[in-house]
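Counting from 187, one number per residue, gives the positions in the sequence shown under the working numbering.
Glycine included, every Cβ here is placed at the ideal spot set by N, Cα and C.
All values derive from a computational prediction rather than experimental measurement.
Here is the structure we will look at, set down as structure tokens.
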Amino acid sequence: MPLNLSQKIIKEHLISGEMTAGKEIGIRIDQTLTQDATGTMAYLQFEAMGIPRVRTRRSVSYVDHNMLQTDFMNADDHRYLQSVAAHYGLYFSRPGNGICHQVHRERFAVPGQTLLGSDSHTPTCGGLGMLAIGAGGLDVAVAMAGAPFYLSMPRILGVHLKGSLEPWVTGKDVILELLRQLTVKGGVGRIIEYFGEGVASLSVSDRFTITNMGAELGATTSVFPSDEQTKLFLVAQHREEEWQSLSADRDAGYDEVLEIDLNRLEPMIAQPHSPDAVVPVRAVKGIAVQQVCVGSCTNSSYHDLAVAASMMQDRVVHPDVSFTLTPGSKQVFEMIAGDGKTLTNLIAAGARVLESACGPCIGMGQAPSSGAVSIRSFNRNFEGRSGTLNAKVYLASPETCTACALTGEITDPRDLKLKVPTVLDPGKFPVNDNMLIPPPRSGETIEVIRGPNIRPLPTARTMPESLRGQVLLKVGDNITTDHIMPAGAKVLPLRSNIPAISEFVFERVDSAFPKRAKESGGGFILGGANYGQGSSREHAALAPMYLGVMAVLAKSFARIHWANLINFGILPLTFENEVDYESINQGDALEMPHVRSEVESGHSITLRNVTRNSELKMKHAFTRRQIELLLAGGLLNHIRGGSSGN
Ligand code: MIC
Ligand code: SF4
187 MPLNLSQKII
197 KEHLISGEMT
207 AGKEIGIRID
217 QTLTQDATGT
227 MAYLQFEAMG
237 IPRVRTRRSV
247 SYVDHNMLQT
257 DFMNADDHRY
267 LQSVAAHYGL
277 YFSRPGNGIC
287 HQVHRERFAV
297 PGQTLLGSDS
307 HTPTCGGLGM
317 LAIGAGGLDV
327 AVAMAGAPFY
337 LSMPRILGVH
347 LKGSLEPWVT
357 GKDVILELLR
367 QLTVKGGVGR
377 IIEYFGEGVA
387 SLSVSDRFTI
397 TNMGAELGAT
407 TSVFPSDEQT
417 KLFLVAQHRE
427 EEWQSLSADR
437 DAGYDEVLEI
447 DLNRLEPMIA
457 QPHSPDAVVP
467 VRAVKGIAVQ
477 QVCVGSCTNS
487 SYHDLAVAAS
497 MMQDRVVHPD
507 VSFTLTPGSK
517 QVFEMIAGDG
527 KTLTNLIAAG
537 ARVLESACGP
547 CIGMGQAPSS
557 GAVSIRSFNR
567 NFEGRSGTLN
577 AKVYLASPET
587 CTACALTGEI
597 TDPRDLKLKV
607 PTVLDPGKFP
617 VNDNMLIPPP
627 RSGETIEVIR
637 GPNIRPLPTA
647 RTMPESLRGQ
657 VLLKVGDNIT
667 TDHIMPAGAK
677 VLPLRSNIPA
687 ISEFVFERVD
697 SAFPKRAKES
707 GGGFILGGAN
717 YGQGSSREHA
727 ALAPMYLGVM
737 AVLAKSFARI
747 HWANLINFGI
757 LPLTFENEVD
767 YESINQGDAL
777 EMPHVRSEVE
787 SGHSITLRNV
797 TRNSELKMKH
807 AFTRRQIELL
817 LAGGLLNHIR
827 GGSSGN
């Protein structure tokens, strides 16, 4: 039977299950990545498994999120990560070496291999023909231990690309158009596979932008064929031997197909506060802009920065605008510094060049002024994520961003009538891996150094026969993990300290939540559709667990968060009858009298609303493996209990 590319890679890595959409499969993981904000937890969990050395082909620990060192906490975490990497046999990418997804694509991604990363934008490497999936840190820790990664077999959505992009239209506009059409829920349970004659016209930088932001569709991952462009990129990275040609079989089918005519696209922009609130730039032109940021793992390649610099040449940033640029990696930084014009032009134009890291994307500095309009080349514009609650963040291509920085208002770059920048990637990138520390041959004697901010992992209790508690919070649709567990410069340093970080759970939604949860001895959360979209941060499950949350009752869940809840022993349940959502209110006392036996034996769970004296049914789609985890109180308990957990 002819296979599409996703099926081919999955088949090659399949350890258990069959490739039928919706059925659980287990796949072998070749590579893993972590970043510092999720990595400390992942390595604490890995350590708890008692395995002497990682069992993957390549595992890399990056430091890119928690880069502001305003006290000892982040620096201590960096030191812990460096020592733990050496001890257990991982590559360590030092702070300053760049954003994990940018560095990984440059130095490690291999077409046809699998990658599991504790960051939701791990699918970026799908731009190079990899099957790259984001997951919670605990799942990544388990993969580092050599166990398979389990997921339900996604549906494969084929995106047929036709034609080629017009000047000033970019990969960012392709993915923004897809977000416009499919919304932030449109990719859930799907792999987005690109095919067709339009693929060849897209540079690998454009492909990476598209696969990166496929995360915003809620997709499991996105993947491009590995072709001549891929080869050129790997040759330029001095890694030609890792290239292989990969694409779907000629007559392969897809579960669904969508067509995009690249020639018909125009510059697009996502409006506040969701990546799918997309309109053409011209529809919102003229809105005054106070900040512009080019960077993040979506758009911080050499190409992106060189285009911005060429547009800024002999011009100056508009007086009302603060314009920041972030080179995605040290390699990109060296290139903009070394080509004799990019960095010089940017500095001369008044741009603020930041260190290679996530920076403003995760609220690590550069919070906009009150009520400011900020135009960013990033991938997420959730409310408050920038660090300023009432800022209005828009997402657009580096070209559109730079046009706004020049004029001080939202501007379609085509309207500036500038010469179209011609930036070609060099035939050879400057490769200097001196900030990547390879794993030592044996790490046993290397001491793992823990600072006082690294606190022991909290443990979950096994599932009791019945659960009783009140609805601690009722929320609507599309609640993000940024709502549940905010990031930013104040909260991120507490990622290794669950008791401390749990004080911030739902801070921007209802700051009294942690106190209420503790005083009531735990309880339930009531959610709408697509609950937990966005980041892979398992703290959005771990911290609520610490506060006593026993179950989340929602209309539907985002994949990674759903898996994280299960991993930490919190029941994610959906309504048998969605209208029941309306009948439950915050503060209602609920009871699941036979939850343990019902989870064990079927798919339906009885929920009593004690306050309203009514009864309804919840359901779940757990596999046998997940049921065992839940009964044990989560994956770590399950592993410690003697079973492999997998
Ligand atoms: C994000 O973009 O939200 C993050 C910060 O990279 C997260 C990971 C995290 O919360 O540490 C992600 O996307 O998974
Ligand atoms: Fe970092 Fe932003 Fe990318 Fe997340 S989305 S990995 S915070 S640059």
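ask   = Roughly how many angstroms lie between the CA atoms of V409 and I196, to the nearest whole one?
value = 12 Å
message = So, does the region 562-580 touch the region 484-498, judging by three or more C-beta pairs under 8 Å?
response = yes
query = H346 by DSSP, collapsed to three states: which one?
reply = strand
ask   = Just how far apart, CA to CA, sit M550 and H251?
value = 8 Å
Of the residues A228, F519, A271 and L219, the one placed nearest I623, counting alpha carbons only = A271
query = Roughly how many angstroms separate the alpha carbons of G545 and V617, rounded to a whole number?
reply = 24 Å
request  = Could you have a look at Q231 and say whether DSSP puts it in helix, strand or coil?
outcome  = helix
key: Where the alpha helix (DSSP H) through N567 begins and ends   = Where N567 is concerned, there is no enclosing alpha helix (DSSP H), given that its DSSP letter is neither H nor E.
task = Starting from the Cα of S389, find the closest Cα among T256, N449 and L314 and give me that residue.
result = L314
ask   = Got a sec? Which residues, its chain only, sit under 6 Å from K660 by beta carbon, not counting five neighbours each side?
value = L712 and Q772
Spatial distance of A591 from D663 (CA atoms) = 34 Å
key: The alpha helix (DSSP H) enclosing L302, as first and last residue numbers   = Careful: L302 lies outside any alpha helix (DSSP H), inside the beta strand (DSSP E) at T300 to G303.
ask   = Between G208 and M339, which are expected to be in contact by the criterion C-beta below 8 Å, what is the C-beta distance as a whole number of angstroms?
value = 6 Å
request  = Kindly indicate which three-state DSSP category G828 falls into: helix, strand or coil?
outcome  = No answer about G828 holds up, because its pLDDT of 49 lies below 50 and its placement is not dependable.
request  = Could you tell me the distance, in whole angstroms, from the CA atom of N832 to the CA atom of L817?
outcome  = Reliability fails at N832, whose pLDDT of 33 lies under 50, so the model's placement of it is uncertain and no value is given.
Inter-residue spacing [alpha-carbon to alpha-carbon] between S652 and M227 = 30 Å
inquiry  = If the criterion is Cβ atoms closer than 9 Å, does the pair V360 and D325 meet it?
reply    = no
request  = Using 10 angstroms around the beta-carbon of S555, count the other beta-carbons present and answer buried if the total reaches 16, otherwise exposed.
outcome  = exposed
query = Under a Cβ-count criterion, where at least 16 other Cβ atoms within 10 Å of its own Cβ denotes burial, should G709 be classed as buried or exposed?
reply = buried
ask   = Secondary structure at P466, three-state DSSP: helix, strand or coil?
value = strand
ask   = For L365, which of helix, strand or coil comes out of DSSP?
value = helix
Neighbourhood of G819 by C-beta, 7 Å cutoff - its chain only, sequence neighbours within 5 removed = A646, R647, T648, M649 and G755
message = Relative to the C-alpha of M399, which candidate in G557, A582, V609 and G298 has its C-alpha closest?
response = A582
request  = For S829, count neighbouring Cβ atoms within 10 angstroms of its own Cβ and tell me buried if that reaches 16, exposed if not.
outcome  = The predicted position of S829 is uncertain, since its pLDDT is 42 and thus under 50; a value taken from the coordinates is nonetheless stated next. By the neighbour-count rule (16 or more Cβ atoms within 10 Å), S829 is not buried but exposed.
key: Unbroken alpha helix (DSSP H) run spanning P584, endpoints   = P584 to T593
inquiry  = Does E204 come out as helix, strand or coil in the three-state DSSP assignment?
reply    = coil
key: Contact the region 766-780 vs the region 794-802: 3+ CB pairs below 8 Å   = yes
ask   = Distance, Cα to Cα, V467 vs S783?
value = 54 Å
query = Closer than 8 Å: is that where the CB of D263 sits relative to any heavy atom of the ligand MIC?
reply = no
query = Can you give the beta carbon distance from A537 to Q656, rounded, assuming they're within the 8 Å contact cut?
reply = Not a contact, Cβ separation roughly 51 Å.
task = Compute the minimum distance between the beta carbon of C544 and the heavy atoms of the ligand SF4, and state whether it is under 8 Å.
result = yes
request  = Over the uninterrupted alpha helix (DSSP H) stretch that includes A703, give me the two end residues.
outcome  = F699 to E705
ask   = For K358, does the count of other Cβ atoms within 10 angstroms reach 16, so buried, or fall short, so exposed?
value = buried
query = So is R502 buried or exposed if we call it buried at 16+ other beta carbons inside 10 Å?
reply = The amino acid occupying residue 502 in the given sequence is Val; Arg does not appear at that position. Exposed: under 16 other Cβ atoms inside 10 Å.
query = Based on the DSSP output, what are the partners of K197 in its beta bridges?
reply = BP columns for K197 are empty, so no partner.
query = Within 10 angstroms of its Cβ, does M187 collect 16 or more other Cβ (buried), or is it exposed?
reply = exposed
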